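S.K.:
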Amino acid sequence: MANSYSRDQNGVIRMTEEEAKEVQNVQCRSRDFWTYDLSANKEVLQAALDVLHNCTPGNKFTVEYKDCQNSCRLVIFCHPCNTELSSLDPFISHAAGKNHKKCVVQLTNKQQTERSLKQSFELKPFNAPKKIFERGSLEDNLDTCRPRVLGMQFVYKEKLEEGGSYYYSCQLCDLRHASHEKIYQHLTGKSHNKKYLAVKFKRRVESPDEYEKACKEIEEREGKINHTIIDFSKRMSLSGVYG
Ligand SMILES: [Zn+2]
Ligand SMILES: [Zn+2]
């Protein structure tokens, strides 16, 4: 009977919906279908399930062999529910039932969440712009700039007078009270990055290629700038200083 269906180039049966319904609603009604001519019927039933059920997203029914009472028979296995269905009626009521639908929805949601989490990790290296900082701030400039930015944990800022602009200090390089422009030049320049490579990683780079390679590797791992720069003027009591 399996020979009367058309097949694709890989030899897999391709049924029309009419044919699939005939298999499910007529051929499967016979007890013998499940217990004789197993390999041919397995193939036929699988093709019918593919057309009628497995095309619905989340559904996955496969036809399996099962040993029983010194012989072998066919069963349908529902993968989302991890449930075996040993003949037509239990299968039909299972496939149309609430529990099965709930299982499929839960599983599909879980897979989608996992997929989108995985994508967000894969698509964004850690040094991609975070775009979470106030526009025009030093943090924003460093977050979105092209040059490599490393070692931001050594930088802090403070206001030297109330209501004035921030001044920035780099503890790594002993640079104190630099303006926005000056610290930007410092943090995007080679001497700060080279010092960071040497102090933290004991790495000395000679050629520009080596420098770029080392900075890229560390920037992708640590990010350019991940937090707002620590504000020391907030830590010391301003009222004590200015009051
Ligand atoms: Zn199910
Ligand atoms: Zn520095």
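Taking this note's numbering, the leading residue of the sequence shown gets 68, the next gets one more, and so forth. All C-beta atoms in this analysis are idealised placements derived from N, C-alpha and C, irrespective of residue type, glycine included. Model, not experiment: these values are computed from the prediction.
1. Fully enclosed by the stretch 239-266, which beta strand (DSSP E) runs are 3 residues long or longer?
2. Anyone know if the C-beta pair for residue 89 and residue 118 falls short of 8 Å?
3. Is DSSP giving residue 188 helix, strand or coil here?
4. In whole angstroms, what is the alpha-carbon distance linking residue 256 and residue 297?
5. Below 8 Å CB to CB, which residues in the same chain sit around residue 276 once its five sequence neighbours on both sides are set aside?
6. Using the C-alpha atoms, what's the distance from residue 192 back to residue 288?
7. Could you tell me which of 126, 189, 136, 202 sits nearest to residue 167, measuring between CA atoms?
8. Can you list, in chain order, the stretches of the beta strand (DSSP E) that have 3 or more residues and sit fully within the stretch 99-181?
9. Where does residue 72 sit, in a helix, a strand or coil, going by DSSP?
10. Considering only the beta carbon of each residue, do residue 321 and residue 72 sit closer than 8 Å?
11. By the three-class DSSP mapping on this structure, what secondary structure does residue 237 have?
12. Taking the alpha-carbon positions, what's the residue 172 to residue 122 distance?
13. What is the rounded straight-line gap between the Cα of residue 143 and the Cα of residue 183?
14. Whose beta carbon lies closer than 5 Å to any heavy atom of ligand 2, going through the chain in order?
15. Less than 8 Å between the C-beta atoms of residue 283 and residue 215, yes or no?
16. Got a sec: does ligand 1 put a non-hydrogen atom nearer than 7 Å to the Cβ of residue 170?
17. Near residue 194, which residues of its chain fall below 6 Å by C-beta distance, leaving aside the five closest residues on each side in sequence?
18. Measuring straight from C-alpha to C-alpha, what distance separates residue 104 and residue 124?
19. Please look up how many angstroms separate the CB atoms of residue 112 and residue 141, rounded, as I've assumed it's under 8 Å.
20. Taking the C-alpha atoms as reference points, what is the distance between residue 139 and residue 109?
21. Taking the alpha-carbon positions, what's the residue 222 to residue 272 distance?
22. Nearest-angstrom Cα distance between residue 279 and residue 218?
23. By DSSP, does residue 357 sit in helix, in strand, or in coil?
24. Indicate, with yes or no, if ligand 1 has a heavy atom lying under 7 Å from the CB of residue 161.
25. Quick check: what's the CA-CA separation for residue 174 versus residue 146?
M.R.: According to the structure data:
1. If only uninterrupted beta strand (DSSP E) runs of at least 3 residues are considered, those enclosed by the stretch 239-266 are 242-245.
2. Position 22 of the sequence shown, counting from 1, holds the residue named residue 89. Position 51 of the sequence shown, counting from 1, holds the residue named residue 118. Cβ distance not < 8 Å, so residue 89 and residue 118 don't count as in contact.
3. Residue 188 sits at position 121 when you count from the first residue of the sequence shown. Helix, per DSSP.
4. In the sequence shown, residue 256 corresponds to position 189, counting from 1. In the sequence shown, residue 297 corresponds to position 230, counting from 1. So the alpha carbons of these two residues sit roughly 21 Å apart.
5. Position 209 of the sequence shown, counted from the start, is the residue given in the question as residue 276. So the list is empty, once near-sequence residues are dropped.
6. As a first step, residue 288 is located in the sequence shown; it is residue number 221 there, counting from the start. As a first step, residue 192 is located in the sequence shown; it is residue number 125 there, counting from the start. Those two C-alpha atoms are separated by around 8 Å.
7. By one-based count along the sequence shown, residue 167 stands at place 100. Ranking the options by Cα distance to residue 167, first place goes to 126.
8. 128-135, 138-145, 150-152
9. Indexing the sequence shown from 1 puts residue 72 at position 5. In the structure shown, residue 72 sits in coil (DSSP, three-state: anything other than H, G, I, E or B).
10. Since the first and last residues shown for the chain are 68 and 310, residue 321 lies out of range.
11. Looking up residue 237 in the sequence shown gives position 170. Residue 237 falls in the strand class under three-state DSSP.
12. Walking along the sequence shown from the start, residue 172 turns up at place 105. Walking along the sequence shown from the start, residue 122 turns up at place 55. Rounded to whole angstroms, residue 172 and residue 122 show a C-alpha spacing of 15 Å.
13. Walking along the sequence shown from the start, residue 143 turns up at place 76. Walking along the sequence shown from the start, residue 183 turns up at place 116. Computed Cα separation, rounded: 31 Å.
14. 237, 239, 240, 259
15. Numbered from 1 along the sequence shown, position 216 holds the residue referred to as residue 283. Numbered from 1 along the sequence shown, position 148 holds the residue referred to as residue 215. For the pair residue 283 and residue 215, the CB atoms are nearer than the 8 Å cut-off.
16. On the sequence shown, residue 170 is found 103 positions in, with the first residue counted as 1. Indeed, a heavy atom of ligand 1 lies less than 7 Å from the Cβ.
17. Residue numbering aside, residue 194 sits at position 127 when the sequence shown is read from its first letter. The residues are 286, 287, 290, 291.
18. Stepping through the sequence shown from its first residue, residue 104 is reached at position 37. Stepping through the sequence shown from its first residue, residue 124 is reached at position 57. Spanning the two alpha carbons is a distance of roughly 31 Å.
19. Indexing the sequence shown from 1 puts residue 112 at position 45. Indexing the sequence shown from 1 puts residue 141 at position 74. With 8 Å as the limit, residue 112 and residue 141 qualify as a contact, their Cβ atoms being about 7 Å apart.
20. As a working mapping, residue 139 is identified with position 72 in the sequence shown. As a working mapping, residue 109 is identified with position 42 in the sequence shown. Spanning the two alpha carbons is a distance of roughly 12 Å.
21. Here residue 222 corresponds to residue number 155 of the sequence shown, with the count starting at 1. Here residue 272 corresponds to residue number 205 of the sequence shown, with the count starting at 1. Distance between the alpha carbons of residue 222 and residue 272 is about 23 Å.
22. If you number the sequence shown from 1, residue 279 lands on position 212. If you number the sequence shown from 1, residue 218 lands on position 151. If you take the alpha carbons of residue 279 and residue 218, they lie about 15 Å apart.
23. Lying before the first or after the last residue shown, residue 357 is absent from the chain, which here runs from 68 to 310.
24. The residue labelled residue 161 in the question sits at position 94 within the sequence shown. Checking the Cβ of residue 161 against ligand 1 gives yes.
25. What you label residue 174 is simply residue 107 of the sequence shown in a count that begins at 1. What you label residue 146 is simply residue 79 of the sequence shown in a count that begins at 1. When rounded, the distance between both Cα atoms is 10 Å.
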